[in-house]
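S.K.:
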Amino acid sequence: DTGVSQDPRHKITKRGQNVTFRCDPISEHNRLYWYRQTLGQGPEFLTYFQNEAQLEKSRLLSDRFSAERPKGSFSTLEIQRTEQGDSAMYLCASSFQPTEAFFGQGTRLTVV
Amino acid sequence: QKEVEQNSGPLSVPEGAIASLNCTYSDRVSQSFFWYRQYSGKSPELIMSIYSNGDKEDGRFTAQLNKASQYVSLLIRDSQPSDSATYLCAVTTGNTPLVFGKGTRLSVIA
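Following this line, the structure appears as structure tokens:
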């Protein structure tokens, strides 16, 4: 399978715990995006990388969120001290330059 | 604030009919436009991209773009129950990440 891969698919965590998600993009894609989606809403932009450089972060992204893309390959998104409002689907997408972006299956986070 | 507006629906059409989905955007320098299909509980799937004014056809799907009116639409011909999903419109200037609308829920009635 050469598509975008995300792990885990589902995560249930207690409020206050830290969680980390991983995304493996399509191999030849240099751009990697993180989005968050809640029920009834479109995907909301969080941050994106071009190769290993983090080019933009949403102003909505609190300091509890951090993302990395070491060596321009896979990326991780960490949420520290999770809150119930962080419950959402976290989507990763990749593209080659600013062309069509393809999404992974997403990680569904539930904070209890 | 860059915005992409879609009618949330639901849009109900009978099987075999044409479904018409609409989207407007606020950023005049937008260059690239995409339609994604999203089934309930799944991630968005790219179905169409369009970059220049006019129509682009791919099978039963036709995307239409009018940059002067800041309007993009998706037509689905011969709608099937399997087309029932939420359709997301996404827009970018090319140097910015995709901005998504909230999506239009389509229901095709057999």
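Each protein sequence line maps, in turn, to chains A and B.
Oh and the first sequence: position 55 is 966 in my numbering, straight run, nothing missing.
Oh and the second sequence: position 17 is 41 in my numbering, straight run, nothing missing.
All C-beta atoms in this analysis are idealised placements derived from N, C-alpha and C, irrespective of residue type, glycine included.
#1: Cβ closer than 9 Å: which chain B residues qualify as neighbours of Leu1002/A?
#2: Quick check on Thr913/A: buried or exposed, where buried means 16 or more other Cβ atoms within 10 Å of its Cβ?
#3: DSSP three-state call for Gly65/B: helix, strand or coil?
#4: What three-state label does DSSP hand Asp974/A in the structure shown?
#5: What residues of chain A sit near Asn119/B, judged by a beta carbon separation below 7 Å?
#6: If Glu27/B and Ser50/B are in contact, beta carbons under 8 Å, what's the gap, nearest whole angstrom?
#7: Are the stretch 972-980 of chain A and the stretch 33-41 of chain B in contact at 8 Å, needing three or more beta carbon pairs?
#8: Classify Pro121/B as helix, strand or coil using the three-state DSSP reduction.
#9: When you check each C-beta in the stretch 912-946 of chain A against every C-beta of chain B, which residues fall closer than 7 Å?
#10: Quick check on Gly1017/A - is its C-beta less than 8 Å from some C-beta in chain B?
#11: Would Val1023/A be called buried (16 or more neighbouring beta carbons within 10 Å of its own) or exposed?
#12: By alpha-carbon positions, which one of Leu1020/A, Ser998/A, Arg980/A and Asp997/A ends up nearest to Ser1005/A?
#13: Which residue wins for smallest C-alpha separation from Tyr944/A, given the options Thr924/A, Gly927/A and Glu967/A?
#14: For Arg1019/A, collect the residues of the same chain with a Cβ closer than 6 Å to its Cβ; drop the 5 residues on either side in sequence, then sort them by chain order.
#15: DSSP three-state call for Asp997/A: helix, strand or coil?
M.R.: Looking at the atomic coordinates:
#1: Going along chain B in sequence order, the residues near Leu1002/A (Cβ under 9 Å) are Ser67 and Pro68.
#2: Of the other Cβ atoms in all chains shown, fewer than 16 fall within 10 Å of the Cβ of Thr913/A; this residue is therefore exposed.
#3: coil
#4: Three-state result, Asp974/A: coil.
#5: Annotation: Cβ neighbours of Asn119/B in chain A (cutoff 7 Å, chain order): Pro1009.
#6: 4 Å
#7: no
#8: coil
#9: Considering only beta carbons, the part of the stretch 912-946 of chain A lying closer than 7 Å to chain B consists of Tyr944, in chain order.
#10: yes
#11: exposed
#12: Arg980/A
#13: Glu967/A
#14: His921 and Met1000
#15: helix
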